[in-house]
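*Asks:* Next up is a structure, given as structure tokens.
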Amino acid sequence: MPSTTPTESIAPSERRDAVEPDFIPCLASWIEPALAALSPSLQALEGLDDAERRVITEALRQHLEQQLHAKLARVLVMDINAARVQGRLKAPTPEARWAEYLALAATPHHWAALGAQYPSLLSRVEWIVNHKVRFVATLARHLAEDRAQLGRLLPASPGRLQRLELAQGDSHNGGAGVALLRLEGGTVVYKPRPLNTDRALAGFLAQVLAEVPGLPPEARVRVPAVIDGGDHGWSEFIVHRHADGEPELQRFYRNMGHWLAIMRLLGGTDFHGENVIAQGCLPIIVDCETLFCPRTEIKPSGFGQAVDKADEAMFASLMKTGLLPGRGASLGWRGVDNSGMGNIRQQQPRISIPALVDAGRDTVRIGQTLVEVEIAKNHPCETPSLERYWGQVLEGYDELTECLLALHGRGALAPLLEPFKPCHIRLVPRATEVYAELIRMLWHPISLADEAPARARAAGLLSRAAALISTTPSDPVVIQAEIDDMLRGDVPYFHTTAGHGQMAGPGGTRWLPVCDLVAQSLQAWATSDQRLDRDIIKASLLSAYLNDGWMPTERSFRVIDASQEDLEARRQAWAKRLLEPFLQTCIRGEDGTATWISPTLGATGWGIQAIDQNLYGGNAGVALLLAAYQREVAAGRALPLPGVDALLQAVILTMRQGLYRQVELQRAAGKVRPHQPGAYLGIGSQIWGWLQLEALGAIGAEAVECASLTAEYMRGSIEADETFDLLAGAAGAIPGLLLLHRRTGQAAHLALAVAAGDHLLQAAKREGDRAFWPTAAAPEGMGGFGHGTAGIAWALWRLHEASGEVRFLQGAREALAFEESLFDDADQNWRDLRHLDGVNCSTAWCHGAVGNGLAYLSFTALIGEDRVRERVRQAAGATFRFGMGWNHCACHGDASALELLQEAADRGLAPPEVSRASELARLLASLDRHGSRCGITNEVFSPSLMTGPGGIVYQLLRAHPDARLPSFVRP
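Under this note's numbering, the first residue of the sequence shown carries the number -1, and numbering increases by one thereafter.
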């Protein structure tokens, strides 16, 4: 994990000359004795001069200031506020009382008083200080002893130490960590661990890459040169450099493919953005201790054997390397892509971290501030465009995999791996951000005041995680040792040698059996699913991009002059053809469940996983599609496809089992982060999905039971909602709840819909007669149906119709007024507030004319028939002119545009060239000519109703004039 991870409570100033005031002066009674304790060790080293001793001492000072401030700021904030309230500060102004408190808190007497209030505080801080002093003294000794050898890593003689930077990464094993030493002759990296793995990997690369035809030595991936000192080592400092022109860019990404092939064989993990540095055409991995990750048995999840099989395949796949794009799910890092190939500046969300508010006054408090994620140096250019080079990544992966397979086939690969067996390796069993969140909790003043409950809570969290994830320690002794480390601010460290396999953990604990991890990794690689790995490489591209409307630059797939001959036969043939891969690619469990590994849009952005339960890209959407298909087959309007009935029942079983398991987990865990409430990504989508399956005859009255059970968790979901929109937010809770209320007549379900409406009204920002909903991603609001005010207006209007409450009528009017303000008379379309690539207006379902036109069809009683007809005519016109042919999916392609244009044609509101038959003919002709094109998910099969071929099939089914299937783009 990058060093930018907010592993502590407060983001402190790194230097005393920082502009913002802080509590660092209060730490003098800790820091000055620490510096004095370091001095004898430094004086005893004859290999250092006085100037170097001062550099090392100053580095320790700055490091302790940062570390202690991060851990103690909450305590000091509480203390200064208590002193103000109790009248212990006598100065006349808040600023003067701040200065008075700093002087008071810098004394040992004051810290002794704090120790009485927080019994574990003094011993914890003393442990940190003593071990940091010991670590720095050891580092200084190693510098003095090894200086003469460092010239092997530098362009010139090492010379004197000019600057020392501690805390280059997480703290482990008693305050030890990576450090950067800037010498007269250049910069070297100090690592407090053996570096024999780095040497073995360098040798392996040299032998394997020599087998690649036409690959010159200067273009081969490498690791930094190292000096292995046994218990410590020194590494070459890699200087970041952008690629020099297109050939180097293409070679860089081909080399990324080489790394993927290598790490797939070596079982590499944790190669995040800060572990990869771009140097021209070379991606250089700078920390390679996390090789030969042990394979452990995947524990049954309770979500079905198919899901477990998918999870096992994902764990064994390339995703575990950390090189492929993927977004974090933890509280501090939700939505952050930390990968070695992703981590793109323009696609990172800002993260919220605690910070001092009103510092410099005695009213200082803890607040939250949004900060930019620090971008690593893993890219070969300023503005990476991964979609342009994914072909090179695949070519490099295929090229080196073929080479490795050839070596294995002639028995030459296993001997090349033998040198790794005595090498030091590390396992990261839990994500660093998990440890970071627990460290924050364990250093909270409440935990410092009463440590036992905090320990118990941390142990419970770690034990529950281990019950679900087999690759994490479950032994209570190991868990307690992990907590001991975190109480001191260390991230727990598990290590072994590759040929031994049993992990040495914190506090001398042991975990996992003895095992030859080298042989295990070779066996796992030799039996791996190469097709799945290639699909994952292609699919992971989506995770690099936050915006679900992003799609690669493609030529138009629109066909203007389309034949209307044999429309019905062609419609049925394409529906069947596009449905066939659903049967061919699904993963089935022996218990009758089924799932798919697919690009999936969730709360944190795109990821690769077994599909979720939602309508957008998950089980609810697949089940709706399959049920609709079978209904149309029964009516003679679709071609029979063997296996669809069985697959539908398998998906419904998976939905049911997933629902019951989720309820079980939520009830057992108590207060947990709720799922989103939305109509496509969230609880609302599942409610709507269950009830539509009943309406289609795919399931009986059990559907109401399942929908009602799902609704039990809606209130907490609504209360936690900060998205608001139809897709994922509180607006999306309303359609499903209203449908459930109509089905059951229970007032509680209408009350939940009303609660969702009130949540929206309370969160709205109003300007005159307009209302919009600010979010972290769109502080000035967002238009459109899926993500913006058109969808919110539509949901509030439906809620008013069901409840009769006037406030929802007013809210709908205000939201629609904001949407109306976005209409651009010149473009005859609605402005897109995302301003993507300079685009003024959008024509998609999620953002723009298609979604807005469908929404306005419901607004006759709100704004009058004439206004509705005008807006639908404009939406249909914009869609026909600009919105067709970019792709075929429902979210932002022709499948949803088809519905708008056909409905507009039925009302006489479409352009003259548009009719039901003409638009179906154009869609079919485009499919005939170009095949199914689904934009962002086009390179790998996805069962998604919204972004995959599922939505195309469904809309083809609905295109029959006698079909009576529910619209999923306007639920």
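Note that beta-carbon positions come from the ideal geometry of N, C-alpha and C, so glycine has one too.
1) Can you check whether the CB of A705 is closer than 8 Å to the CB of L637?
2) Would the beta-carbon of S541 fall within 8 Å of that of S940?
3) From A447, D448, A429, pick the residue whose C-alpha is nearest to that of Y998; which is it?
4) Quick check on F235: does DSSP put it in helix, strand or coil?
5) Going residue by residue through the stretch 790 to 833, where are the continuous alpha helix (DSSP H) segments of at least 4 residues, counting only ones entirely within it?
6) Are the CB atoms of L213 and V186 within a distance shorter than 8 Å?
7) Over the uninterrupted alpha helix (DSSP H) stretch that includes D864, give me the two end residues.
8) Taking C-beta to C-beta, are L425 and P292 nearer than 8 Å?
9) Taking only three categories from DSSP, how would you classify F133?
10) Would the stretch 513 to 528 count as touching the stretch 428 to 444 if we require 3 or more Cβ pairs under 8 Å?
11) Figure out for me which residue from L460, R455, D531 has the closest Cα to the Cα of K318.
12) For T2, count neighbouring C-beta atoms within 10 Å of its own C-beta (all shown protein chains included) and say buried if the count is 16 or more, exposed if not.
13) State the Cα-Cα distance for the pair H958 and R635, rounded to the nearest angstrom.
14) Whose C-beta lies closer than 7 Å to the C-beta of A903 among residues of the same chain, with five residues either side of it excluded?
15) Would you say the stretch 349 to 358 touches the stretch 245 to 255, given that touching needs at least three Cβ pairs under 8 Å?
16) Between L181 and A57, is the Cβ-Cβ spacing less than 8 Å?
17) In whole angstroms, what separates the C-alpha of Q953 from that of V649?
18) Is the CB-CB distance between S118 and L446 below 8 Å?
19) Consult DSSP for V391 and reduce its assignment to one of helix, strand or coil.
20) So R741 is in the alpha helix (DSSP H); what residue range does that whole segment cover?
21) Just checking R568 against the ligand ATP - is the residue's beta carbon closer than 7 Å to any of the ligand's heavy atoms?
22) Can you confirm whether the stretch 712 to 728 touches the stretch 777 to 796 when touching is taken to mean that 3 or more C-beta pairs between the two stretches lie within less than 8 Å?
23) Quick check on T381: buried or exposed, where buried means 16 or more other Cβ atoms within 10 Å of its Cβ?
24) Using only CA atoms, which one of L460, D482, D483, E897 lies nearest to D473?
25) By alpha-carbon positions, which one of A454, R218, R871 ends up nearest to R905?
26) For N838, is the classification buried or exposed, using 16 other Cβ atoms within 10 angstroms of its Cβ as the cut-off for buried?
27) What did DSSP end up calling I510 once you bin it into helix, strand or coil?
28) From the DSSP output, read off the bridge partner residues of Q674.
29) Quick check: what's the CA-CA separation for L74 versus I29?
30) Compare the Cα-Cα distances from L899 to each of S942, G862, L855, D864 and report the closest residue.
31) Would you tell me roughly how many angstroms separate the C-alpha atoms of A517 and P427, rounded to the nearest one?
32) Pick out the complete beta strand (DSSP E) segments inside the stretch 234 to 301, 3 residues or longer, and give them in chain order.
33) Excluding the five sequence neighbours on either side, which residues of its own chain have a C-beta within less than 6 Å of the C-beta of P641, listed in chain order?
34) In terms of residues, what are the limits of the beta strand (DSSP E) holding W604?
35) If the criterion is Cβ atoms closer than 8 Å, does the pair I681 and M712 meet it?
36) Could you give the distance in angstroms between the alpha-carbon of P550 and the alpha-carbon of G881?
*Replies:* Considering the structure as presented:
1) Translated into the one-based positions of the sequence shown, residue 637 becomes position 639. Translated into the one-based positions of the sequence shown, residue 705 becomes position 707. Against a cut-off of 8 Å, the Cβ pair of A705 and L637 comes out as no contact.
2) As a working mapping, residue 541 is identified with position 543 in the sequence shown. As a working mapping, residue 940 is identified with position 942 in the sequence shown. At the C-beta level, S541 and S940 stay beyond 8 Å of one another.
3) The question about residue 998 has no answer here: the residues shown for the chain are numbered -1 through 969.
4) As a first step, residue 235 is located in the sequence shown; it is residue number 237 there, counting from the start. It is coil, neither helix nor strand.
5) DSSP runs (the alpha helix (DSSP H)) wholly in the stretch 790 to 833: 804 to 819.
6) Taking the sequence shown and counting its residues from 1, one reaches residue 186 at position 188. Taking the sequence shown and counting its residues from 1, one reaches residue 213 at position 215. Contact flag unset, no.
7) The count along the sequence shown starts at 1 and reaches residue 864 at position 866. Start and end: 863 to 880.
8) Here the question's residue 425 lines up with position 427 in the sequence shown. Here the question's residue 292 lines up with position 294 in the sequence shown. The answer is yes: Cβ separation under 8 Å.
9) Translated into positions along the sequence shown, residue 133 becomes position 135. F133 sits in a helix when the DSSP states are folded into three classes.
10) Because the criterion of three Cβ pairs below 8 Å is not met, the stretch 513 to 528 and the stretch 428 to 444 do not touch.
11) Looking up residue 318 in the sequence shown gives position 320. For the residues L460, R455, D531, the minimum Cα distance to K318 belongs to D531.
12) As a position in the sequence shown, residue 2 is number 4, starting the count at 1. Confidence at T2 is low in this model, with a pLDDT of 34, below 50, so the placement of that residue should be treated as unreliable; the coordinate-derived value is given next. When all chains shown are included, T2 counts as buried.
13) Within the sequence shown, residue 958 is the residue found at index 960, counting from 1. Within the sequence shown, residue 635 is the residue found at index 637, counting from 1. Counting only the Cα atoms, R635 lies some 8 Å from H958.
14) Translated into the one-based positions of the sequence shown, residue 903 becomes position 905. The residues are V912, S913, R914.
15) Contact between the stretch 349 to 358 and the stretch 245 to 255 is absent, because fewer than three Cβ pairs lie under 8 Å.
16) As a position in the sequence shown, residue 181 is number 183, starting the count at 1. As a position in the sequence shown, residue 57 is number 59, starting the count at 1. Contact check for L181 against A57 fails: the beta carbons are separated by 8 Å or more.
17) Sequence index remark: in the sequence shown, residue 953 carries index 955 (1-based). Sequence index remark: in the sequence shown, residue 649 carries index 651 (1-based). Straight through space, the alpha carbons of V649 and Q953 are spaced by roughly 20 Å.
18) The sequence position of residue 118 within the sequence shown is 120, counting from 1. The sequence position of residue 446 within the sequence shown is 448, counting from 1. Cβ atoms of S118 and L446: closer than 8 Å.
19) Taking the first residue of the sequence shown as 1, we reach residue 391 at position 393. Helix at V391.
20) Residue 741 sits at position 743 when you count from the first residue of the sequence shown. Segment 731 to 742, the alpha helix (DSSP H) holding R741.
21) For the structure depicted, the ligand ATP is absent and the ligand set is empty, with no information on it obtainable.
22) Under the Cβ criterion (8 Å, minimum of three pairs), the stretch 777 to 796 counts as touching the stretch 712 to 728.
23) One-based indexing of the sequence shown puts residue 381 at position 383. By the neighbour-count rule (16 or more Cβ atoms within 10 Å), T381 is not buried but exposed.
24) The sequence position of residue 473 within the sequence shown is 475, counting from 1. Considering only alpha carbons, the answer is L460.
25) Position 907 of the sequence shown, counting from 1, holds the residue named residue 905. Looking at the Cα atoms, R871 is the closest of the given residues.
26) To locate residue 838, count along the sequence shown from 1; it is residue 840. Answer is exposed; the Cβ neighbour count stays below 16.
27) Here residue 510 refers to the residue found at position 512 when the sequence shown is read from its first residue. Reading the sequence as shown, one finds Leu at residue 510 and not Ile. Three-state DSSP puts L510 in coil, outside helix and strand.
28) Position 676 of the sequence shown holds residue 674. Answer is none; Q674 lacks a bridge partner.
29) By one-based count along the sequence shown, residue 74 stands at place 76. By one-based count along the sequence shown, residue 29 stands at place 31. Near 16 Å, if we compare the C-alpha coordinates of I29 and L74.
30) In the sequence shown, the residue the question calls residue 899 occupies position 901. Looking at the Cα atoms, L855 is the closest of the given residues.
31) Counted from its first residue, the sequence shown places residue 517 at position 519. Counted from its first residue, the sequence shown places residue 427 at position 429. When the Cα atoms are used, A517 and P427 turn out to be separated by approximately 20 Å.
32) Restricted to the stretch 234 to 301, the beta strand (DSSP E) segments that are unbroken, complete and at least 3 residues in length are 274 to 277, 280 to 283, listed in chain order.
33) By one-based count along the sequence shown, residue 641 stands at place 643. Looking at the sequence provided, one finds Gly at residue 641 rather than Pro. Taken in chain order, the residues that qualify are L581.
34) Residue mapping note: residue 604 aligns to position 606 of the sequence shown, counting from 1. Its beta strand (DSSP E) spans residues 603 to 608.
35) The count along the sequence shown starts at 1 and reaches residue 681 at position 683. The count along the sequence shown starts at 1 and reaches residue 712 at position 714. Yes, the Cβ-Cβ distance between I681 and M712 is below 8 Å.
36) What you label residue 550 is simply residue 552 of the sequence shown in a count that begins at 1. What you label residue 881 is simply residue 883 of the sequence shown in a count that begins at 1. Unreliable positioning characterises P550 in this predicted model, as indicated by a pLDDT of 46, which lies under 50. The coordinate reading is nonetheless provided below. Roughly 16 Å between the two C-alpha positions.
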